[in-house]
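Here's the structure, in structure tokens; my notes come after.
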Amino acid sequence: MTSTETIERPATHVLPPLPYAENALEPTISANTIRIHYGKHHKKYVETLNKLVANTELAKLSLEQVISATAGKADKAQIFNNAAQAWNHSFYWKSLQPKGGGTPPAKLAKKIDASFGSLDACRKELASAATTQFGSGWAWLVLDGDTLKVVKTGNAETPLTKAQKPLLAIDVWEHAYYLDYQNRREDYTSGVLDKLINWSFAAENLG
Ligand SMILES: [Fe+2]
Numbered sequence: 007m008t009s010t011e012t013i014e015r016p017a018t019h020v021l022p023p024l025p026y027a028e029n030a031l032e033p034t035i036s037a038n039t040i041r042i043h044y045g046k047h048h049k050k051y052v053e054t055l056n057k058l059v060a061n062t063e064l065a066k067l068s069l070e071q072v073i074s075a076t077a078g079k080a081d082k083a084q085i086f087n088n089a090a091q092a093w094n095h096s097f098y099w100k101s102l103q104p105k106g107g108g109t110p111p112a113k114l115a116k117k118i119d120a121s122f123g124s125l126d127a128c129r130k131e132l133a134s135a136a137t138t139q140f141g142s143g144w145a146w147l148v149l150d151g152d153t154l155k156v157v158k159t160g161n162a163e164t165p166l167t168k169a170q171k172p173l174l175a176i177d178v179w180e181h182a183y184y185l186d187y188q189n190r191r192e193d194y195t196s197g198v199l200d201k202l203i204n205w206s207f208a209a210e211n212l213g
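Take the sequence shown: its letters are residues 7 to 213, numbered as in the numbering used here.
Here it is, written out as structure tokens:
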């Protein structure tokens, strides 16, 4: 090799480990769903992103920087979609936990009361966003300025590009629930909110 040759450095976005075992969210979400959702879909987003950015000016950027650099650019849509999906899924896994649900830590609970009136009202808004998102997408609890909001995004879109700070994510792509619930997205959503949602993670994100 001469000094003029370019050394190809592969991009190094990595699939983060699941924060729990594949079967840890049963019976609400089966190990089979997690195996495919995490092990196939999420993995593929990361692998595709690495292929797309290899040897481009985006290769040295962090995942968040790639999302920011490609958002809203039609000629970069494929890169944005895979980068945002890689980020959204890593965030979604942390938004769930075995024996989740219940009540948020005090600081977050106070903020929820101030923004929604009650935890139940917040839960209802999250359930509504998750079930009414038309087609593939996400339901989110975000911090927007000093207020908590529930928002929904289509396909790979993420609140990161809207200056909103994500606190929790619920994946409502069919691959998140179809093996377990078929068309009953509302049952998946209820199960997630009642049994799995990780309020402690949301409180950590509140800062
Ligand atoms: Fe997904």
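Even glycine gets a Cβ: it sits at the ideal position worked out from N, Cα and C.
Cβ neighbour criterion (16 or more within 10 Å) applied to residue i
i, result
"residue 148", "buried"
"residue 41", "exposed"
"residue 20", "exposed"
"residue 10", "Unreliable placement is indicated for residue 10, whose pLDDT of 43 sits below 50; no coordinate value is reported for it."
"residue 162", "buried"
"residue 18", "exposed"
"residue 61", "exposed"
"residue 140", "exposed"
"residue 189", "exposed"
"residue 89", "buried"
"residue 68", "exposed"
"residue 175", "buried"
"residue 27", "exposed"
"residue 84", "exposed"
"residue 158", "buried"
"residue 213", "exposed"
Separation of residue j from residue i, as counted between CA atoms
i, j, result
"residue 123", "residue 177", "25 Å"
"residue 151", "residue 166", "13 Å"
"residue 39", "residue 46", "10 Å"
"residue 201", "residue 63", "43 Å"
"residue 102", "residue 173", "12 Å"
"residue 168", "residue 155", "13 Å"
"residue 71", "residue 79", "14 Å"
"residue 53", "residue 119", "41 Å"
"residue 112", "residue 135", "24 Å"
"residue 130", "residue 36", "24 Å"
"residue 117", "residue 210", "13 Å"
"residue 138", "residue 121", "21 Å"
"residue 115", "residue 125", "7 Å"
"residue 128", "residue 56", "37 Å"
"residue 99", "residue 82", "26 Å"
"residue 22", "residue 96", "7 Å"
"residue 49", "residue 58", "14 Å"
"residue 33", "residue 104", "10 Å"
Per DSSP, cross-strand counterpart(s) of residue i
i, result
"residue 148", "155, 172"
"residue 203", "102"
"residue 143", "160"
Residue-chain proximity (residue i, chain B), Cβ-Cβ < 8 Å
i, result
"residue 111", "The structure shown contains no chain B; it holds only a single protein chain."
Enumerated in chain order, which unbroken segments of the beta strand (DSSP E) with a length of 3 residues or greater are wholly contained in the region 153-193? Listed in chain order, the beta strand (DSSP E) runs fully inside the region 153-193 are 153-160, 171-177, counting runs of at least 3 residues.
Contact shell at 6 Å, judged by CB to any heavy atom of ligand 1, ordered along the chain: By the rule of a C-beta closer than 6 Å to any heavy atom of ligand 1, the residues picked out are 43, 47, 95, 177, 179, 181, 182.
Ranges of the alpha helix (DSSP H) found wholly within the region 63-135, counting only runs of at least 4: Here the runs fully enclosed are 69-76, 83-101, 112-122.
I'd like the ranges of any alpha helix (DSSP H) spanning at least 4 consecutive residues and lying wholly in the region 26-66. Runs found: 37-42, 49-59.
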